[in-house]
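Using the working numbering, the first residue of the sequence shown is number 23, and each one after it goes up by one.
These notes are about the structure you will find just below.
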Amino acid sequence: MTRRRFYVPAQSISAETAVLPPEQAHHLRDVLRLAVGDPVELFDGRGNGYTGIVADISREVRVGRLKRLVLPLLPQPRLSVAVALIKSDRFEWMLQKATELGADEFIPLTTRFTNIRVPGHRLEERLHRWERIVTEAARQCGRHDVPAVVQPLEFPRFLEAEQSAPLARFLFFEGEGQLLVPDCAESGGAVLCIGPEGGWDQSEVDAALSAGFRTFSLGRSVLRSETAAIAAVVLFRYHSARAIAGNTAFPDPSGDREERS
């Protein structure tokens, strides 16, 4: 059903009928060439899913006979990903993959060593593009919600805003020796902060620590920013899933080797 799955804003869904937005209508009618009577699946980006039947493809595309999907309750902490701006194609790749892996919000950052800036006259266009990317990624991977993408923030303003947020705060820093550990993923939610290609300035790290962030490493390798973001999301989701399952004891690989020898 993935190819026959479409995003429809909640305000365009009534009790039994949904009207697809133009881009989704074009995809249904002109790309997939679906016809009246074909079954489809819809989601509203807010966690709700529906099945229905194509009812009209003339002037606008309507889906009728809607039935709400009963979705499994899979509790997981809310996850915000704050990433310094990098080249467009790599930043957009990160948005797509992190959406697939379960990020709930993206916060683009400008830092001391950020070389990329979004001009004010292009900001709205860029935000719309980012929103389309995460919406399509959510559609493709079967999510019923769509991550938020906020306007880029200067790093000091970001730290100020996060001080009052009820989330655990982690900053990944190449100068840190400690890897992310399981107990850090047991909170009700977290914000993961990833720096630019040039790394963090020490004053930024100090400011983050003062704002309640904990610093961690992602290993010995020097990672590109988009790779670091994906690695951080995977680590956090893995550890939080283990914590939710009640299994936070991680085996010691060296001990395992000794037992097998």
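Built from N, CA and C at the ideal position, the CB exists for glycine as well.
Problem - 9 Å Cβ cutoff met for arginine 84 and alanine 40 - result: Yes, the Cβ-Cβ distance between arginine 84 and alanine 40 is below 9 Å.
Practice task
Mind listing, in chain order, the continuous beta strand (DSSP E) runs of no fewer than 3 residues lying wholly within the segment 45 to 98?
Solution key: Along the length of the segment 45 to 98, whole beta strand (DSSP E) runs at least 3 residues long occupy 61 to 65, 71 to 79, 83 to 90, reported in chain order.
Handout entry: Residue from Asp228, Gly220, Gly241, Ser80 with nearest C-alpha to serine 247
Key = For serine 247, the closest of Asp228, Gly220, Gly241, Ser80 by C-alpha to C-alpha distance is Gly220.
Handout entry: Alpha carbon of alanine 265 to alpha carbon of proline 99, nearest angstrom
Key = Using only the alpha carbons, I get a separation of about 11 Å.
Practice task
State the Cα-Cα distance for the pair leucine 175 and glycine 210, rounded to the nearest angstrom.
Solution key: Roughly 24 Å between the two C-alpha positions.
Handout entry: DSSP-derived helix/strand/coil call for serine 283
Key = Because the pLDDT at serine 283 is just 34, under 50, the model does not fix this residue reliably, and the point stays unresolved.
Practice task
Tell whether a beta-carbon distance below 9 Å holds between leucine 91 and glutamate 63.
Solution key: Yes.
Handout entry: For isoleucine 138, the three-state DSSP class (helix, strand or coil)
Key = Residue state, collapsed to three classes: coil.
Practice task
Assign histidine 150 to one of two classes, buried (16 or more other C-beta atoms within 10 Å of its C-beta) or exposed (fewer than that).
Solution key: With fewer than 16 Cβ atoms within 10 Å of its Cβ, histidine 150 is classed as exposed.
Handout entry: Extent of the continuous alpha helix (DSSP H) run through arginine 179
Key = Arginine 179 -> alpha helix (DSSP H) spans 177 to 184.
Exercise for the section: Tell me whether tyrosine 260 is buried or exposed, calling it buried when 16 or more other Cβ atoms sit within 10 Å of its Cβ. Expected result: For tyrosine 260, the number of other beta carbons within 10 angstroms of its own is below 16, and it is reported as exposed.
Practice task
Output yes or no for whether 9 Å exceeds the beta carbon distance between threonine 237 and leucine 245.
Solution key: Cβ atoms of threonine 237 and leucine 245: not closer than 9 Å.
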